Amino acid sequence: KAVGRVLFEQVCRVINLLEVDYFGLEYADSTGTKYWLDYEKPMCRQMGLSMVAPVMDFCVKFYTPDPAQLEEEFTRYLFSLQIKRDLSLGILQCSDPTAALLASYIVQASCGDYVPEDYPDHSYLSTYKFVPHQNKELEIKIMDNHKKHVGQSPAESDLNLLETARRCELYGIRMTAAKDNDGLPLNLSVAHMGVIVFQNTTKINTFSWAKIRKLSFKRRKFLIKLHPEGYGYYKETVEFFFESRNECKNFWKKCIENHAFFRCTEVKKTPRQKTRLFSRGSSFRYSGRTQKQIVEYVRENYVKRQPFQRSTSLRLPSRSSVGTSDDEEAERMPAAEASASATPAALSEPSSPRREAGRESTAPRAPAEPGGAATPSQDTDDNVSHDSYRLEEGDSSLAAAPPGSPIAIDLHSPPPPPSPSSTRERTPHRAENGIGVVAQRGQQLRLSDDVSATSGIGQSSPPQDHGRDATMGDLSSSASRLDSSATDVRRKKYPCEKAYFIAKELLMAERTYKKDLEVIVMWFRERMEKGHVEGAPTETLSLLFSLLSPLYKLHCCLLLDLEQRLAAWEGKPIPTSYSNVQGIGGLLLDYLHMVELYERYMDKLPRVLERLWSSCCHSGAFEDAYRDFELQGECYLPLAAFLLHPVHRPLQLCGLVERLHGSYESNHSDKNSCSDVLHKLKRFTNSHKEATHKLENQVKMMELQRDLMGLDNLVQPGREFVREGCLQKLSRKGYQQRMFFLFSDVLIYASRASGPRLQFKVHGQLPLQSLMVEETEPKVEAAFRFTIYAGNRALMVAAGSEEERQRWMKDLSDCIELARDHKDTGLFYSSLKSCNSSDERLDRAPPESPAGGKWTGQPAQHSNTALHLCWHRNTSIGRQQHQQAFLHYLSGYLLRKFKNSSGWQKLWVVFTNFCLFFYKSFQESAPLASLPLLGYTVTVPGPDDNMSKEFVFKLQYRNHVYFFRAESEYAFDRWMEVISSAAVKKLN
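Going by the UniProt record's numbering, the first residue of the sequence shown is number 1, and it counts up by one from there.
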């Protein structure tokens, strides 16, 4: 008759666990349905628990999106055991390379370093089950990865295992079978970012906590009530049906607990209702601590822990004496602690107080920012459901609980698995909502934007936040963390003239450009040459690599010379071979023969693009290889975008040299050299302006063709892209979100299709010659309406703002007028199915690959492309905005302010393609996270922001706010300039 809490607390005492709230006791009823032990109910009244033979499992209940928030090594060890179990049972599904990497960390933690004498082949792994489909090939991959982990302690391996696992789309996912209104079988799951909908194992929708107003259930019906405004979903209430009332209520309870744990600052302890004759519904509420509370509790109650004994289930008897003993492994501190201990305490602000095993930390802890308590309250005013839970949130600013965002996928790609060289530093955290997992296609840390999704980062996702909801949070302390006061003390004295900062911008841009070239000349080349891809256009690829390799070598030399020139400028010692250092203009003049290489590249690129596109259309194997490469962490943009970077590099150089030339005095020794360089660069860019625009249009059309279903031959000579974006189209179900694509001769509209990729099914194409457009009177449900007339049809659409409406109407009017003046274009319009009412709903069947390739459960594209951002931010992007974004290519170090402390985090930041990409340093090849900037405003902090530092700018999208700090006034002005020019919203 004791309540469940008594049993759970006794279990935690036995194993000496401090961070108890991440875990729970799980049991199954006679039908196999899994339940969590209710701590407030007596054991005899637990739903579905057999009192004859009660069996429970101690499991992870709340999978944190940021494993670095786990304070104790023992907690991380328990999490790693859970990941090991999920992987072996097939619950955590992932690609073979990721599974092999995860298994290799398990082996490293259990067996220690790889020793060739003890493990001559993969057979030492055969007796252990890592994944259900384990075979010889996978074991060889595990062994290859195991070799790379030499020197990692068990604690390091655990952390790397968790960091890699949390980037997987199905990390922490427990699916529950349900059906929608039409009886379509689905799987529902709840996680830190919200409620996720799957079709089989393919994610098709995410309802982030920010979207949800209330969760209810009535018998077998589960209802998600959404905020009606601003989220682009045509229903205010979404319904799902379970097999039984118990299953429905069980899932509802899991949703309540996840929301309270991850999103609330604290939960009020309200006693349950006593039994009444007429009950108004379930009084269940989460009764534990929130993640914010458990983090603060552990930090305040930390004591030195005794070493714990790790499981020896995977320990091999043939272990060489080279490895460490069990006790030594248990006592060895993680790499994050080791690296932190080597740094003066005054300069470090650890994201979590992981104390060293031999001493307690004496560094002062930054106070957390005050946050309003977000206390869910029982709802009694809903006459539709008897059991409901209203989602009310205050300051949900936990690093691990990213603020919800309107984005239902992770807009940030997850970063690649940590390399052996980086394991001595702390692994990056998953971001909060806003920046989001990069990414994270393939693997990435999503700073999920509203993430996201990761995974985002919906905000969390991504990330990562779809998600990492893509969605920016606490990028981990893998990047240096600086105490603000210490930063000022240690700030180095650099030259203060403007020319120095312009030269430094040039150097940083060269570093990023070199990395972008490596994506093609190194990573893509290696994939194509070693993969022996069937149907690959060998001659075309050879031509591409032969065009870019000389450019890559030349820019490597230029980068080295720039580094030495800047070092001399800063007064640092340089090699004697560079003793006669010339000015930046003179240096660039020596490299000006690069324009010949660029001219050759631009002449050949159209043919290269055509053949690559043709090969993707006709060879499923090459298309799969092409997409697989785009999932890699290094390829943080669509591959075609990297092919365009050399096209725009002369334009970017021209702008930098022009600023440098203008900063010099008239008698400066380098001014004449700058003038010569500027003259030649302008002559080159002016003569290739038309070719540049054609290449931009060609790449854009190719990318759109990949994302549109049901329309062939989109790419045609003479057809130009004008605008893409999201509008609300009036249909029988009311206003529904649609993507519209305006070209020089046709207007196309489409709805989102289900499937692993964010694709759109075309519903109609309207030749512009017969169109008319006019403004329409506003209504309550659609304030910014306008009507498109096409013959005897009228499309009533609504934009998200007056500014958006005017953009669409102007572009439509201009294109219609031009199309009528050029009637004999000879363009071909593909035939489409008639757009009846059945076409006006989202497709429910997974799409087939247009090239015959197989779709997998992994996202097959980047989630931070312009198309994705327009869909999730309910906005549009025009041709001029794209062209402007190509010119704004900025890199450099920024300090990002932590949300819950006064500290700052140093990150290498790259701005390109409407996104900020975040790296630990410029040497890293894959971003930790990304923050798409469409819809953001960039301003200087106001009085209410309490910001005392210089050179700080503020990024804000709805309730997502980030502060970044530049190193100089010049850098501050440049970041403000490029961000405000590329973001849809202007600088306030």
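For every residue, glycine included, the Cβ atom is placed at its ideal position computed from N, Cα and C. Quantities reported herein were computed from a predicted structural model and do not represent experimental measurements.
Cut-off 6 Å between Cβ atoms - residues of its own chain near residue i, not counting five sequence neighbours on either side
i, result
"MET772", "TYR789"
"LYS141", "ALA100"
"TYR552", "LEU517 and VAL521"
"LEU506", "LEU656"
"TYR114", "HIS146 and LYS147"
Range covered by the alpha helix (DSSP H) that runs through residue i
i, result
"TRP908", "It is not in any alpha helix (DSSP H) - TRP908 instead sits in the beta strand (DSSP E) that spans 904-912."
"CYS617", "594-618"
"ASP516", "498-518"
"LYS253", "245-263"
"PHE79", "73-89"
"PRO97", "96-111"
"ASP561", "538-569"
"GLU529", "525-531"
"TYR297", "291-300"
Cβ neighbour criterion (16 or more within 10 Å) applied to residue i
i, result
"PRO67", "buried"
"PRO132", "exposed"
"GLY662", "exposed"
"ARG285", "buried"
"CYS44", "exposed"
"VAL880", "According to the sequence shown, residue 880 is Gln rather than Val. Looking at its Cβ environment, which holds fewer than 16 other Cβ atoms inside 10 Å, GLN880 is exposed."
"ARG683", "exposed"
"LEU89", "exposed"
"HIS532", "exposed"
"ARG13", "exposed"
"residue 989", "Residue 989 is absent from the structure shown; the chain starts at 1 and stops at 988."
"SER126", "exposed"
"PRO154", "buried"
"GLU169", "buried"
"VAL55", "exposed"
"THR685", "buried"
Cβ neighbours of residue i in the same chain (closer than 7 Å, five flanking residues each side left out)
i, result
"ASN913", "LEU637, ALA641 and ALA885"
"SER981", "GLN884 and HIS888"
"CYS815", "VAL722, LEU742, SER744 and LEU768"
"ALA799", "LEU727, PHE784, ARG805 and TRP808"
"PHE241", "ALA178, LYS179, ARG220 and LYS221"
"ASP38", "GLY4 and GLN46"
"PRO550", "LEU597"
"GLN108", "HIS146, HIS149, GLN152 and SER157"
"MET51", "CYS44"
"ILE502", "LEU656, ARG659, LEU660 and SER663"
"LEU592", "VAL677 and LYS680"
"LEU18", "GLU72 and VAL298"
"ASN181", "GLU239"
"PHE972", "PHE951, PHE953 and ALA966"
Host beta strand (DSSP E) of residue i (start-end)
i, result
"SER687", "Where SER687 is concerned, there is no enclosing beta strand (DSSP E), although the alpha helix (DSSP H) it sits in stretches over 671-687."
"THR875", "Unbroken run through THR875: none, as it is neither H nor E."
"GLY725", "721-731"
"ALA929", "929-932"
"TYR919", "915-919"
"GLN956", "952-957"
"LEU70", "Here LEU70 belongs to no beta strand (DSSP E), and DSSP marks it neither H nor E."
The stretch 525-540 contacting the stretch 554-574, beta-carbon criterion three pairs below 8 Å:
no
Beta strand (DSSP E) runs contained entirely in the stretch 146-213, provided each spans 3 or more residues
176-179, 185-191, 194-199 and 202-208
What alpha helix (DSSP H) runs, 4 residues minimum, are completely inside the stretch 742-806?
none
Please determine if the stretch 170-189 and the stretch 150-160 are in contact, where contact requires at least 3 C-beta pairs separated by less than 8 Å.
no
Counting Cβ pairs, one atom from each stretch, are 3 or more of them under 8 Å apart for the stretch 676-695 and the stretch 654-661?
yes
Determine, using beta-carbon pairs with one atom in the stretch 125-140 and one in the stretch 177-197, whether at least three such pairs fall under 8 Å.
no
With a threshold of 8 Å, are at least 3 pairs of Cβ atoms found where one atom belongs to the stretch 21-29 and the other to the stretch 220-227?
no
Assess, as a yes-or-no matter, whether the stretch 55-75 is touched by the stretch 288-299 under the definition of 3 or more beta carbon pairs within less than 8 Å.
yes
Check whether the stretch 602-613 touches the stretch 690-710, counting contact only when three or more Cβ pairs, one atom from each stretch, lie closer than 8 Å.
yes
Any chance the stretch 252-272 sits against the stretch 198-205, with 3 or more Cβ pairs inside 8 Å?
no
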